[in-house]
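J.: According to full-length UniProt numbering, the sequence shown is numbered sequentially starting from 1.
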Amino acid sequence: MPREKSFFDSEILHAAEGYTYLRKIIDSKQYSEIILLTDSNTQELCAVDFFDKLDCSIHISQIEVEPGEECKDIQVVIHLYRELVDLQADRRSLLINLGGGSVSDLGGFVASTYMRGIDYINIPTTLLAMVDAAYGGKTGIDFRGIKNLIGTFYPPKYILLDKEYTATLDERHFFSGFGEILKYGIALDAPLWNEFKIHFPDSLDSYLDEWIQKCLSLKKHIVTNDPLDNGIRQILNAGHTIGHAIESFHLDKQDELYHGEAVAWGMIAELFISNYKIGFSQDELKIVKNIVQKHFQRPAITTSDIEILLDYIYMDKKSIGQKLYMPLIKKPGTFELNTPIEPELIKESLIYMLT
């Protein structure tokens, strides 16, 4: 069966053929215990479909967590460890993460640390997870309000892509994924960006499959060359330095903004900085700002919150000491890494983003 080889021997499986391949693996009994991790949404909307498509004779245990970023918490991790112990899961166990980015981040982290590492599979159910979160081996949980402060590099054994799961999403969840597609186009692929700005959101039926595969191909190339995020992989953080701060701000206020939404708004601010520092086009910046303001949920932030956002930004993993470094984009598909950014410029970018 044709399938792509990816980072650290992960394999990308596609829809029907992927379920057939996965069924053979499970039926071979190479795993002593198989556990399905869902959140309450994917348990209700996706689990039955998953079991029907898998059609496997081996028993699969199930663990359910609450949906959203709140599940990426150390207490939830401890709960999952206890569940795995109660199921007598050993090092030959397999964890299947059926859900969006939060489930794959959480499940991957638990798999990477339980008994020093067990195999796991990501089956992304959101567009965002399909184009970004499920692939590449980054796992993580939040701590003290800071996104992904605790985590590992530990790739899944397999990733099974089934676009039919996106039919379970409401419009806002679905559109969140396009924040990452926007990032990929501007940061890494000018033709993708040119298609996106013309055809989003009116021609998705014609372009979405192509965009998903293009994003995966771009990420595969980057991650293969820099699996541990020491160099070129940092460009995948475009929009994330400020985006994560926006997301953390909302988590602290218990007013959730989805990850792709935060990244999209973060792109406005970071492209403003790119315009100032290395000449990113003012016209392109206006196009990005118009798309994001029109199609992505607006953050519940005002200019009076900027100092709070700065605190989150300087707690980001991409800051070193009291200095912040950021990947910047010169033009779509051309970028520079590790550019130092002054606090006053960040403030100006946030004001621009919010006005």
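No residue lacks a Cβ here, since even glycine has one placed at the ideal position from N, Cα and C.
Give me, in chain order, the residues of the same chain whose beta-carbon lies closer than 8 Å to that of I159; leave out the 5 immediate sequence neighbours on both sides.
T.: Result list for I159: S6, S10, E11, I12, L13, I121, N122, I123, P124, A134, Y135, in chain order.
J.: Within the same chain, show all residues whose beta-carbon is closer than 8 Å to that of residue 356, passing over the 5 residues directly before and after it, in chain order.
T.: Residue 356 is absent from the structure shown; the chain starts at 1 and stops at 355.
J.: Would you check if the stretch 78–86 and the stretch 264–278 touch, i.e. whether three or more CB-CB distances between them fall below 8 Å?
T.: Taking 8 Å as the limit for Cβ pairs, the verdict is that the stretch 78–86 does not touch the stretch 264–278.
J.: Between which two residues does the alpha helix (DSSP H) holding Q282 run?
T.: First-last of the alpha helix (DSSP H) with Q282: 282–295.
J.: Do you know how far the Cα of Y31 is from the Cα of E195?
T.: If I take the Cα positions, the gap works out to 44 Å.
J.: Please classify G266: does DSSP put it in a helix, a strand, or coil?
T.: Of the three classes helix, strand and coil, the one that applies to G266 here is helix, per DSSP.
J.: Please report the distance separating the alpha-carbon of I118 from that of S112.
T.: Approximately 6 Å between the Cα atoms of the pair.
J.: Within 10 angstroms of the Cβ of S206, are there 16 or more other Cβ atoms? Answer buried if so, exposed if not.
T.: So S206 ends up on the exposed side.
J.: Should A129 and S93 be called a contact, given that it needs their Cβ atoms to be closer than 7 Å?
T.: No, they are not a contact pair.
J.: Which residues mark the beginning and the end of the beta strand (DSSP E) in which F335 is found?
T.: Start and end: 334–341.
J.: Would you identify the three-state DSSP class for M1, choosing helix, strand or coil?
T.: Note on M1: pLDDT 42, under 50, position unreliable in the model; the coordinate value appears next. Residue state, collapsed to three classes: coil.
J.: What three-state label does DSSP hand E256 in the structure shown?
T.: If DSSP states are grouped into helix, strand and coil, E256 belongs with coil.
J.: Quick check: what's the CA-CA separation for N97 versus I58?
T.: Looking at the two C-alpha atoms, the distance is approximately 17 Å.
J.: Using the beta-carbon count (16 or more within 10 Å), is K253 buried or exposed?
T.: Counting Cβ neighbours within 10 Å, K253 comes out exposed, since fewer than 16 surround it.
J.: Secondary structure at K29, three-state DSSP: helix, strand or coil?
T.: Here K29 sits in coil by DSSP.
J.: Less than 7 Å separating the beta-carbons of I181 and W211?
T.: Yes, the pair counts as a contact, with Cβ atoms nearer than the cut-off.
J.: In this structure, does DSSP put E11 in helix, strand or coil?
T.: E11: strand per DSSP, three-state reduction.
J.: Among all the DSSP beta bridges, which residues are the ones paired with K331?
T.: Partner(s): T334.
J.: Check this for me: beta carbons of D255 and A300, under 7 Å apart or not?
T.: The answer is yes: Cβ separation under 7 Å.
J.: Does DSSP put F200 in a helix, in a strand, or in coil?
T.: Coil at F200, not helix or strand.
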